[in-house]
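Okay, so the sequence shown: first residue is 569 according to this note's numbering, each after it adds one.
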Amino acid sequence: MSVPFWVWALTIVGLLAVLALDLAIVGRRPHEVGVREAGRWVAVYVGLAVLFAVGLFLLAGQDVATAFVAGYVTEYSLSVDNLFVFLLIMGAFAVPKVLQHRVLLFGILIALVLRGAFILAGAAVISRFSWVFYLFGAFLVITAIKVVTSGGEDEEFRENAALRLVRRVLPVTDDYVGTRSVVRRTDARGRLRLMVTPMLMVMLAIGMTDLLFALDSIPAIFGLTRDPYIVFTANVFALMGLRQLYFLLGGLLQKLVYLSYGLGVILAFIGVKLVLEALHTNTLPFLHGGEPLDVPVIGIEISLAVIVGVLLITTAASIVKIRWFPDPVETAPAAADGPSDVRRTDAEGHTDAAPEPTGSSRPS
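Here it is in structure tokens:
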């Protein structure tokens, strides 16, 4: 689909307006997001995606709209897996609950910028080197195998090289200073220095961590459509509602025990689809004399049906597993591990005195 510049500009302006409205609401009064509020916002963002799909259907046709829906569902489902890591990051940085919504908003804004650059680079590479779909397909299949064999187990969050570099270049305060990311404080020598707060560090951590997840989700959606406009908008709509889903699901994330297997199946399916499509359109020179092979191509409607079907099956299986076959270890009463953290956090993120926590506010 050929998209003129003014459509791109209008789309970006509209998306920025929605995010600005969200930011204005969040910035007005930092607060702990409840399930009901999160549910309303998830409904709003999903509704906006549905309206956008309807607009595509009316203006560009069924194929384009179906490609957007398939890409959106894929990106949203793969993004749910990001929430497990977001939980680890929030815990590692000891983010107060009243600040978590703001942290996620700015972290995802960073992720949107990084993903946008990644999508543009991917589209440029695909337009010049069609054989890159073989690499995408193989990468997705390998990633699917790793996801399934890992059983959805998440490792402890560790700061990457970029975050460690920020710590070496800029001093970081030990505590949160409301919603501020940068403050001026006096150091041990009595000098007034510019320091960053953990607020900035956790936002960078979420943004850069999401980019790592994009290494498999972006090739996956390119396996459904090669249109950069559809790839970009599907990613934006998926990420915009992601932070609200974080508060809506909460502890339910741990109950989706078979989600990783479902995501693995989806990645493997799209990887195979990519390879079949590449063989059908432009095979490698040393295969079949460089001529395309007569192999079946999986249509976008079938892809959408498979993706939605796998998600429904894995979700239903998870519910059955938790309800009828609970883990005896999880259902046993938890033993007291020591004094709990009873700190109270106000709207500015300040905390009162409390017993020394068992872990550091910084990840090891």
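We put the CB at the ideal spot given by N, CA and C, even for glycine.
Q. Which whole runs of the alpha helix (DSSP H) in the region 646 to 674 are 4 residues long or more, in chain order?
A. Counting whole runs of 4 or more residues, the region 646 to 674 contains no alpha helix (DSSP H) stretch at all.
Subject >> At least three beta-carbon pairs within less than 8 Å, the region 768 to 784 to the region 651 to 662 >> reply: The answer is yes - the region 651 to 662 touches the region 768 to 784, with three or more Cβ pairs under 8 Å.
* L831: beta carbon under 7 Å from a heavy atom of the ligand GDP? -> In the structure on display, the ligand GDP does not appear, and there are no ligands present to speak of.
Measuring only between beta-carbons, confirm whether M658 sits less than 8 Å from chain B.
Here chain B cannot be found, since the structure has a single protein chain.
Next on the checklist: Helix, strand or coil, according to DSSP, for R757 in the structure here?
Outcome noted: In the structure shown, R757 sits in coil (DSSP, three-state: anything other than H, G, I, E or B).
Q) Skipping 5 residues on each side, what residues in its chain have a beta carbon closer than 7 Å to that of V878? A) The answer, listed in chain order, is G830, V833 and I834.
Assign D909 to one of two classes, buried (16 or more other C-beta atoms within 10 Å of its C-beta) or exposed (fewer than that). Low per-residue confidence applies at D909: pLDDT is 44, beneath 50, and the placement is therefore not dependable, though the value from the model is reported in the following sentence. Flag for D909 reads exposed.
- Message: Between which residues of its own chain and A621 is the CB-CB distance below 7 Å, once the five residues before and five after are set aside?
- Response: Here the set comprises A633, F636 and V637.
| Is L762 helix, strand or coil when you go by DSSP? | Strand at L762.
Discussion item. Going by DSSP, what residue range makes up the alpha helix (DSSP H) through L627?
Written reply: DSSP places L627 in the uninterrupted alpha helix (DSSP H) bounded by V603 to A628.
Q) Taking just the CA atoms, how far does F790 sit from Y744? A) Near 40 Å, if we compare the C-alpha coordinates of F790 and Y744.
Cα-Cα, which of E600, I694, R759 and I868 is closest to K665?
Per the Cα distances, E600.
Checklist entry - V750 by DSSP, collapsed to three states: which one? => result Look at V750 here: in three-state DSSP terms it is strand.
Once you ignore the five residues that flank A904 on each side, which residues in its own chain have a CB closer than 7 Å to its CB?
In this predicted model, A904 has a pLDDT of only 41, less than 50, meaning its place in the structure is not dependable; the value taken from the coordinates is given anyway. Counting only Cβ-Cβ distances below 7 Å, and skipping sequence neighbours, we find nothing.
Going straight from the alpha carbon of T899 to that of G684, what length do you get? Because the pLDDT of T899 is 48, which lies under 50, any placement of that residue in the model is unreliable, and the question is left without a value.
Problem - Coil, strand or helix - V740 by DSSP - result: V740 falls in the strand class under three-state DSSP.
- Query: In whole angstroms, what is the alpha-carbon distance linking F893 and K823?
  - Reply: Each residue's alpha carbon lies about 12 Å from the other.
Item to check | Range of the contiguous alpha helix (DSSP H) that encloses W699 | outcome: Unbroken run through W699: none, as it is neither H nor E.
At a cut of 8 Å, does the region 675 to 691 reach the region 795 to 815 through at least three beta carbon pairs? Short answer: they touch.
Short of 7 Å in beta carbon distance, which residues of its chain neighbour P572, apart from the five on each side in sequence? Order them along the chain. Sequence-distant Cβ neighbours of P572 in its own chain, meaning closer than 7 Å and more than five residues away, do not exist here.
* To do: Rank V840, I870, H669 and I687 by C-alpha distance to the C-alpha of Y797 and give the top, closest one.
  => Of the candidates V840, I870, H669 and I687, the one whose C-alpha sits nearest the C-alpha of Y797 is I687.
So the candidates are T642, A577, L813 and K841; which of them puts its Cα closest to the Cα of F704?
With distances taken between Cα atoms, F704 lies closest to K841.
> How would you call I875, buried or exposed, if buried means at least 16 neighbouring beta carbons within 10 angstroms?
Replying inline: Counting C-beta atoms within 10 angstroms of its own C-beta, I875 has 16 or more neighbours from the protein chains shown and is therefore classed as buried.
| task | Sort out for me which residues DSSP pairs V745 with in a bridge. | result | DSSP lists R748 as partners of V745.
Let me know if S871 comes out buried or exposed under the rule of 16 or more other beta-carbons within 10 Å of its beta-carbon.
-> With 16 or more other Cβ atoms within 10 Å, it is buried.
Open item on the list: If I follow the unbroken alpha helix (DSSP H) through G877, where does it start and stop?
Closed with: G877 -> alpha helix (DSSP H) spans I868 to W892.
In terms of residue numbering, what span does the alpha helix (DSSP H) encompassing L792 cover? Careful: L792 lies outside any alpha helix (DSSP H) and carries neither H nor E.
Quick check on I676: buried or exposed, where buried means 16 or more other Cβ atoms within 10 Å of its Cβ? Per the 10 Å Cβ criterion, buried.
| query | Does the distance from the CB of D784 to the CB of L708 come in under 8 Å? | reply | Yes, Cβ-Cβ distance for D784 and L708 is below 8 Å.
Notebook entry, point to check: Out of F701, L792, V751 and Q630, which has the shortest C-alpha to C-alpha gap to L760?
Noted result: That would be V751, whose Cα lies nearest to the Cα of L760.
Quiz item: Alpha carbon to alpha carbon, how far is G582 from Y814?
Solution: Each residue's alpha carbon lies about 24 Å from the other.
Measuring CB to CB, does L816 end up less than 8 Å from V586?
-> Cβ atoms of L816 and V586: not closer than 8 Å.
| Roughly how many angstroms separate the alpha carbons of A788 and L880, rounded to a whole number? | Rounded to whole angstroms, A788 to L880 spans 19 Å at the Cα level.
Fill in: Sequence-distant residues of its chain with Cβ nearer than 8 Å to A846 (five each side left out)
Annotation for A846: S698, W699, F701, Y702 and G705 place their beta carbon closer than 8 Å to its own, counting only its chain and skipping 5 residues before and after.
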